[in-house]
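J.: This structure is in structure tokens; I'll ask about it shortly.
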């Protein structure tokens with residue numbers, strides 16, 4: 029199976045290209061995108077707080093609230109910007125005493141369209157049998173380019 033950009037299972041995910049031109053510094057483009065995600069997500073969803081962590085080895089958590097993590101994963105110039113239910117020990121311990129899972133899924137359902145509207149430039153339309161993904165520009169991106 030081919031390699032592709034990682035993101036947490038079950039997450040709301042959007043995609044962007046990091047390197048629009050050959051002369052662009054990919055590290056600088058990445059840091060600019062991270063800053064944009066943090067600023068935009070905090071403005072749209074005030075319950076988020078900055079968080080510096082990881083899910084596995086490839087999914088960087090930038091923001092966290094009581095229910096979800098917001099983060100970024102990259103591979104070969106493609107960035108996955110994702111929103112996923114928290115999956116850490118403190119979350120599950122709190123869930124044991126005061127169930128949060130249903131509320132977390134409800135909150136994610138409420139904000140997912142807005143999240144996609146804010147960050148989605150590319151939309152995955154499918155995968156080949158070797159795992160390579162196929163993308164197209166999202167409608168909102170195409171509408172603004174015309």
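Numbering (our numbering), first residue to last: 29 to 174. The beta-carbon is built from N, C-alpha and C at its ideal position, and this holds for glycine as well. What you are looking at is a predicted structure, and each value in this text was computed from that prediction instead of being measured.
Sorted by chain position, which residues of the same chain lie with C-beta nearer than 8 angstroms to residue 170's C-beta, five sequence neighbours on each side aside?
T.: Translated into positions along the chain shown, residue 170 becomes position 142. Confidence is the limiting factor: at residue 170 the pLDDT is only 45, short of 50, which leaves the residue's position unreliable, though a coordinate-based value still follows. Cβ within range, chain order: n/a, list empty.
J.: Are residue 88 and residue 77 touching if we call contact CB-CB under 8 angstroms?
T.: For this step, residue 88 is matched to residue 60 along the chain shown. For this step, residue 77 is matched to residue 49 along the chain shown. Against a cut-off of 8 angstroms, the Cβ pair of residue 77 and residue 88 comes out as no contact.
J.: What did DSSP end up calling residue 146 once you bin it into helix, strand or coil?
T.: Working through the chain shown from its first residue, we reach residue 146 at position 118. If DSSP states are grouped into helix, strand and coil, residue 146 belongs with the helices.
J.: Give me, in chain order, the residues of the same chain whose beta-carbon lies closer than 6 angstroms to that of residue 44; leave out the 5 immediate sequence neighbours on both sides.
T.: Counting from 1 along the chain shown, the entry for residue 44 is found at position 16. Excluding positions up to five away in sequence, the list reads 107 and 149.
J.: Which first and last residues belong to the alpha helix (DSSP H) in which residue 58 is found?
T.: The sequence position of residue 58 within the chain shown is 30, counting from 1. Annotation: the continuous alpha helix (DSSP H) that includes residue 58 extends over 54-72.
J.: With distances taken between CB atoms, is the gap from residue 105 to residue 46 smaller than 8 angstroms?
T.: Numbered from 1 along the chain shown, position 77 holds the residue referred to as residue 105. Numbered from 1 along the chain shown, position 18 holds the residue referred to as residue 46. Going by C-beta atoms, residue 105 is nearer than 8 angstroms to residue 46.
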